[in-house]
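Colleague:
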Amino acid sequence: MPLIERKNMVDLEENLSLSKQCILLNINRNSFYFSPKGEGSENLSLM
1 MPLIERKNMV DLEENLSLSK QCILLNINRN SFYFSPKGEG SENLSLM
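In this note's numbering, the protein residues as written are 1 to 47.
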């Protein structure tokens, strides 16, 4: 199952802690909180 689908399965209001949910879904907690940044304006202008 892709990472995005597993991240969407995490329920923050569940009785099971976030840490345990991440372990069960084989997700690193850092990747759960990570949100990718877009390209900077300088890079976009070079493209």
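The beta-carbon is built from N, C-alpha and C at its ideal position, and this holds for glycine as well.
#1: Taking the alpha helix (DSSP H) that I23 belongs to, which residues open and close that run?
#2: How about K7 and F32: do their beta carbons lie closer than 7 Å?
#3: Expressed to the nearest angstrom, what Euclidean distance is found between the alpha-carbon atoms of I4 and I27?
#4: Let me know the secondary structure DSSP gives M47 once reduced to three states.
#5: For the alpha helix (DSSP H) that contains I4, what are its first and last residues?
Modeller: Reading from the atomic positions:
#1: Working through the sequence shown from its first residue, we reach residue 23 at position 23. Start and end: L18 to L24.
#2: Your numbering for residue 7 matches position 7 in the sequence shown. Your numbering for residue 32 matches position 32 in the sequence shown. For K7 and F32, yes; Cβs fall inside 7 Å.
#3: Numbered from its first residue, the sequence shown carries residue 4 at position 4. Numbered from its first residue, the sequence shown carries residue 27 at position 27. Computed Cα separation, rounded: 10 Å.
#4: Here residue 47 corresponds to residue number 47 of the sequence shown, with the count starting at 1. Reduced to three states, the DSSP call for M47 is coil.
#5: In the sequence shown, counting from the first residue as 1, residue 4 sits at position 4. Run containing I4: L3 to M9, per the alpha helix (DSSP H) assignment.
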